[in-house]
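Under our numbering, the letters of the sequence shown match residues 8 to 410, in that order. Below is one structure, written out as structure tokens; the observations come after it.
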Amino acid sequence: MPLPPAFQLAGREVWYTAPPDQAVSDAALIQCTKRWLQSDGVPANTIIPFVIIPLTLEWEEFRRFMCRVNAHARYLYIVRNGNVEELELVLRQLREAVSSERLIISHRPDNIGYAAAVNEGYRVALAKPYSEVPFIGVFNCDVYFEKSFFRRYVPDVYKALAPDADRIYALEEEVRKEENAARTAGVTTLRAASADIPGISLSLMLPDRVRYAPLEVQQREFNQHVGMFHFHYQCMCAFFVSRLALLAGGFLDENCYPAYFEDYDWRFRMTRLGFRTFIGPSERYGGFYHGLGGNIRVIREGAEGRSLSYDVEAMRVSRMLIAKPGIDYGETKWAWHREALIPMSLRSFPTVGFAVPPDAWVMDQRRRERIVGIGRGLYPAVEMRNAYNLTLLEALRPFDRTR
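The structure is reproduced here in structure tokens:
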């Protein structure tokens, strides 16, 4: 992929170690991965606490990404979706060569989708203490950064999140007291009721006080905290998310299967809770470039001499994306009628007559199975329309939960 002119100026700092149009050897990938995990001699405030890299087809792009991005991570979590042989070989060799427990490689042969893959990484990250993981980075492989970008950027992220530890402790205490008070009063909170709601996903620390508050109250709740960190502009091809935002706002909505719209949905939910967004100017931190459509190119083109397993997975994902399940879900959930970064309404699911809690979503398993069936050729690959079962959300409706 040719670099944009702005990054080809004479004297510009070198910001990748392997040209993007050349293959990266096994030995180079191993050394680059070890460099990512290096901590000796690296200032602690420049280390990204936890990095998630979801992969499906992009085995060559992954190699190049690892060697051109100059960053350090305390934990490196790689999740492999599907059964592409090339990726299996690359990650098996990497696992054998890099023995560090801070390199975590997960495999989901059925391709659980982008949102679920990232959520899996989130859960592993949240199992670590706050002192180790105050925020998390998520990266696609079609992004480029100047060499010194993260050395400048990451310290400012740590500074911005300094108030979060106290707020997390306060939320933890509030949820505990709210649950105890509800039990004493004979009232059921949504958290207590969730055990009987199939397919529900709920944040770990948002109290009902906020969950069912009016919009204007919700938007004041976290307006002193940064939830999302972007690089130069709001693009979720790569981003940081604070631990507090995950604990309060919940996980990516996996109804956006296999991919797309989960990023808009997440940002709308963060806006509803009042979280601020940090966008780092290139003048301060250095150049950032996103190879737009990189993942789609991987599906359509692929590498020369690719395996049959690659073509099968690419065809399956392509058929599912033709159905535009993300757009279908977005229109249903947010009255979102065009591919633009403008929410038509901050009140989710307008057709059900109430605002669904910002930290909650309910998986429509039948809809997901149909999308999977489209990928397998059991149904025609045509655009979906209003396929989500809205009755699944009735369990989230505000009501008198007195037993």
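Using N, Cα and C, we set each Cβ at its ideal position, and we do this for glycine too.
Exposed unless 16 or more other CB atoms sit within 10 angstroms - verdict on Thr191: exposed
Beta-carbon proximity list for Lys331, same chain, < 6 Å, skipping 5 on both sides: Glu390
Buried versus exposed call for Gly380 [16 or more other C-beta atoms within 10 Å across all chains shown]: exposed
Cβ pair count under 8 Å reaching 3, the stretch 272-283 against the stretch 227-239: yes
Distance between Cys74 and Arg291 (C-alpha atoms, nearest Å): 23 Å
Whole alpha helix (DSSP H) elements within the stretch 200-248, 4-residue minimum: 215-218 and 222-228
6 Å Cβ shell around Tyr82 - same chain, five flanking residues per side excluded: Phe57 and Arg109
Straight-line gap, Thr196 to Thr339 (C-alpha atoms, nearest Å): 26 Å
Helix, strand or coil at Ala78 [DSSP, three-state]: coil
At least 3 beta-carbon pairs within less than 8 Å: the stretch 60-79 vs the stretch 148-159: yes
Residues bridged to Pro170 (per DSSP): For Pro170, which the question treats as bridged, DSSP gives no partner whatsoever.
Which residues DSSP lists as bridging Trp368, in chain order: Ser208
8 Å CB neighbourhood of Arg218 in its chain, flanking five on each side removed: Leu197, Pro364, Pro365, Asp366 and Ala367
Cut-off 8 Å between Cβ atoms - residues of its own chain near Glu320, not counting five sequence neighbours on either side: Thr63, Leu64, Gly89, Asn90, Val91 and Asn118
Exposure of Ile59, with buried meaning 16 or more beta-carbon neighbours within 10 Å: buried
Member of Asn396, Trp273, Phe247 and Ala255 whose CA lies at the smallest distance from the CA of Phe285: Phe247
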